[in-house]
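Notes to accompany the following structure.
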Amino acid sequence: VLAASKMSASEPNAPIQPGAIVELHSLSKVELNGVRAEAGEFDEIKGRRGAALEDGRFLGVKETNMRRVCVDAGAAATALTFADEAQRLLTQADAARGEARQALSTAFVNTVQEALASDPACHAAHFLWGEAFLKRVVVSPASNSNEEVYKSAIQHFRRAAGNGGGVKAHCFISDGLAQLPNGLKNNRVVLDKLVVEYPGSPDIRLKLGINAVQQGELDLAEREMKEAVRLFRSGVPSFDPATQALHVGNALENLCKLAFVRAGDLSANGPH
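According to my numbering, the sequence shown holds residues 34 to 305 in order.
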């Protein structure tokens, strides 16, 4: 996991994506102006984007009536300081057991909340929330099953992605979707969009290749996995040599698995 302080801040003028924390403005219902909301999916037919208000209401709002929440540099820096501390607590809580784990979990929650109080769009804090659910460091009454855990994690990773978390957050959304009912198909829809948005991401290429294998699209799988290997070898993104070698090895391992799948497919269809 990247240190929170090294994760770039959300760009205020970037396109609004699902999960982005926005402020409503210039609405005819003046009582809604200045209200903060979480942006949802865009409805092409209605020309409006969903907006989940803090009081639980869900509205359809034109994007021209939304603007990203933008805090001053001091508040953003404070949020990242809290996020760095939250990351430390999460690492400790994940390794702890019993009462120590519970105490660290409580401290983690309080620290993440402090980060988001300083900057509601701090994607590092939203990302850590998602990780905490996956590691079962944070457990809510609604997350008593694997499916609910992944749903909760995806919700937080989507907020991270919508507020500038980039391809890393999208990868975690993809991993979570793969664990849910109809995961292969739903994940594929997401990956097809991501490979267009991030064509130079070896992680996305590899995930698309693995998904294609699982759905029997072996030619697509081979093409995407080879592209992932090429990108990892070229140093995109930039890694230290050891990490780069690890990623290249992982991609090559998946290519080898694909070769075995192809061999089995050939055997099933008679001698060649």
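C-beta: ideal position from N, C-alpha, C; glycine also.
Indicate whether residue i and residue j have their beta-carbon atoms separated by less than 8 angstroms.
i, j, result
"PHE166", "SER185", "yes"
"ALA193", "GLY163", "yes"
"SER207", "ASN220", "yes"
"VAL281", "VAL262", "yes"
"GLN50", "ALA72", "yes"
"ARG100", "ALA154", "no"
"ALA119", "ASP152", "no"
"ARG191", "GLY93", "no"
"VAL228", "ARG238", "yes"
"ASN179", "GLN212", "yes"
"LEU156", "ALA108", "The sequence shown places His at residue 156, not Leu. Their beta carbons are not under 8 angstroms apart, which means HIS156 does not touch ALA108 by this criterion."
"ASP127", "LYS168", "yes"
Please classify residue i as buried or exposed, where buried requires at least 16 other C-beta atoms within 10 Å of its C-beta.
i, result
"GLN248", "exposed"
"LYS240", "buried"
"ASP225", "exposed"
"LEU279", "exposed"
"ALA292", "exposed"
"CYS204", "buried"
"ILE78", "exposed"
"ALA133", "exposed"
"THR144", "buried"
"ASN306", "Only positions 34 to 305 of the chain appear in the structure, and residue 306 is not among them; the question remains open."
"PHE265", "buried"
"SER234", "buried"
"VAL30", "The chain is shown from 34 up to 305; residue 30 falls before or after that span and cannot be answered."
"GLY198", "buried"
"GLY242", "buried"
"ASP76", "exposed"
"PHE115", "buried"
"GLU260", "buried"
On the DSSP bridge list, what partners appear for residue i?
i, result
"ARG169", "Per DSSP, none; premise fails for ARG169."
"GLU56", "ARG69 and ARG100"
State the CB to CB distance for the pair residue i and residue j, rounded to an integer number of angstroms; the pair is presumed to be in contact (CB under 8 angstroms).
i, j, result
"LYS95", "ARG81", "6 angstroms"
"LEU149", "LEU137", "The pair is not a contact, with the Cβ atoms about 19 angstroms apart (cut-off 8 angstroms)."
"GLY216", "ILE187", "No, GLY216 and ILE187 are not in contact; Cβ-Cβ is about 11 angstroms, not under 8 angstroms."
"VAL86", "VAL68", "Note on residue identity: the sequence assigns Leu, not Val, to residue 86. Sure, about 6 angstroms apart at Cβ, within 8 angstroms."
"ALA84", "LEU57", "7 angstroms"
"VAL142", "VAL171", "6 angstroms"
"MET258", "ASN287", "6 angstroms"
Is any non-hydrogen atom of the ligand PLP found closer than 7 angstroms to the C-beta of residue i, if you look at the structure I gave you?
i, result
"CYS103", "Only the bare structure without any ligand can be found here, which leaves the ligand PLP out of the picture."
### Query
Which ranges does the alpha helix (DSSP H) cover as unbroken runs of at least 4 residues, wholly within the stretch 58 to 129, from first to last along the chain?
106 to 128
### Message
Runs of 4 residues minimum, wholly inside the stretch 178 to 247: which ones carry the alpha helix (DSSP H) assignment?
### Response
179 to 193, 199 to 210, 216 to 230 and 235 to 247
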